[in-house]
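Sequential numbering from 28 applies to the sequence shown in this note's numbering. Shown next, in structure tokens, is the structure this report addresses.
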Amino acid sequence: MKFLVVDDSKIARSRICDYIKELGYEVLDEACDGIEAIEKYKKLLPSVITIDLEMPNMKGIEASKEILRLNPKINIILITSIVDKKEVINALKIGIKKVIQKPFTFEYFAQEINKLKKGASL
């Protein structure tokens with residue numbers, strides 16, 4: 028699996044990238060907001076995108092809607108510190124596969140990524 032990691036926090040991006048690499052997968056690139064995420068998705072065509080909810084310029088939900096319009100089968104995992112039931116329901120309705128709440132452990136992240144790899148419903 029090839030990943031695009033999107034988060035406005037450089038620390039969060041670094042941690043997620045480290046986890047992905049530790050699992051043996053490739054990080055194609057990183058983006059710091061939704062606009063950059065869409066641009067990099069079009070250029071790189073990753074198989075998985077991890078995306079933060081709250082970011083400057085364009086939030087994760089809006090960017091995810093656009094990316095899902097381009098490819099309804101793309102695997103998007105929303106990673107956020109904000110857990111509002113309405114936001115989670117909205118994210119899942121538009122096609123986001125999983126919502127992971129920050130902070131999370133490597134073990135939990137690995138478990139969710141392995142489910143994705145096996146084709147299980149996130």
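C-beta atoms are modelled at their ideal positions from N, C-alpha and C, and glycine is treated no differently. If you're wondering where the values come from, they're calculated on a predicted model, not measured in any experiment.
A direct Cα-to-Cα measurement between K48 and P73 gives close to 15 Å.
Three or more Cβ pairs closer than 8 Å define a contact, and the segment 52-66 falls short of that threshold against the segment 105-124. For L31, the pairing in a beta bridge is given by DSSP as D56, I76.
Scanning L80, T132, D34, F133 for the CA closest to the CA of K113 turns up L80. Under the DSSP assignment, L97 falls in the alpha helix (DSSP H) whose first and last residues are 87-97. By the neighbour-count criterion, in which 16 or more other beta carbons inside 10 Å mark a residue as buried, R96 falls on the exposed side. Looking from the CA of F30, the closest CA among S36, Y52, K37 belongs to Y52.
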